[in-house]
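If you read the sequence shown in my numbering, its first letter stands for residue 61, the second for the next number, and so on. Every residue gets a Cβ at the ideal spot worked out from N, C-alpha and C, and that includes glycine.
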Amino acid sequence: MAELKPTQALDLWRDVLIETVRSAGPDLSARQLAIVLTVYLTPPPHTVRGLAALLRISKPAVTRALDRLGMLGLARRRRDDQDRRSVLVQRTVKGSVFLSDFAESVSAASRRLEQQRDTLISYEQSIAL
């Protein structure tokens with residue numbers, strides 16, 4: 061896929077968000093989604109402190125997001141047995157399924173955008189002849 065123009069990137073993101081909102085899955089905030097993506101796409105271990113530093117947000121903001129993600133079963137927290145002050149954030153099967161579905165939504169939106177672009181290019185070429 062060729063590099064996206066800014067408006068195409070926004071259109072792709074809009075399509076993904078619309079599909080996500082229409083689905084039966086959870087409606088996550090941008091902060092919650094950023095945490096899920098970070099926990100699942102970067103190597104563990106993940107801690108509340110580490111996520112806060114990485115995302116440059118406060119530890120209470122991470123904790124609030126994790127409260128919701130925990131209620132949804134997308135992530136779980138537990139005390140680190142080696143450092144009782146530290147809270148580990150762990151992946152769940154439900155979170156893995158959610159992220160797989162979300163990734164498919166992104167891929168599908170990307171394919172639709174590519175098809176639209178190909179159709180437009182074909183049309184422009186046909187009228188240029």
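Provide the residue span of the beta strand (DSSP E) that contains residue i, from first to last.
i    : result
R137 : 135 to 139
With a CB to CB cut of under 7 Å and the five nearest residues on each side skipped, what residues in its chain are close to residue i?
i   : result
V76 : S165, V166, A169
Q92 : A125, R128, L129
Among the residues of its own chain, which have a CB less than 8 Å from the CB of residue i, if the five just before and after it don't count?
i    : result
A94  : L115
G133 : T152, K154, G155
Would you grab the beta carbon distance between residue i and residue j for me? Rounded to a whole angstrom, and I think it's under 8 Å.
i    : j    : result
L126 : R137 : 6 Å
A135 : V122 : Incorrect: roughly 11 Å between the Cβ atoms, too far for contact.
What residues in its chain sit with their C-beta under 6 Å from that of residue i, if we drop five residues either side in the sequence?
i    : result
S146 : T107, D140
L45  : With the chain covering 61 to 189 only, the question about residue 45 has no answer from this structure.
Please list the terminal residues of the continuous alpha helix (DSSP H) segment that includes residue i.
i    : result
Q150 : Element bounds for Q150: not the alpha helix (DSSP H) but the beta strand (DSSP E), 147 to 151.
I95  : 90 to 101
What are the partner residues of residue i, as DSSP defines its beta bridges?
i    : result
T67  : In the DSSP output, where bridge partners are listed per residue, T67 has none listed.
T107 : L148
**Request:** Count the C-beta pairs between the segment 144 to 160 and the segment 64 to 82 that are closer than 8 Å, then say yes if the count reaches three, no if not.
**Result:** Using a Cβ-Cβ distance cut-off of 8 Å, the segment 144 to 160 and the segment 64 to 82 are not in contact, since fewer than three pairs of beta carbons, one from each stretch, lie closer than that value.
**Asked** Any contact of the segment 93 to 107 with the segment 143 to 150, i.e. 3+ C-beta pairs under 8 Å?
**Response** The segment 93 to 107, when compared against the segment 143 to 150, does touch it at the 8 Å Cβ threshold.
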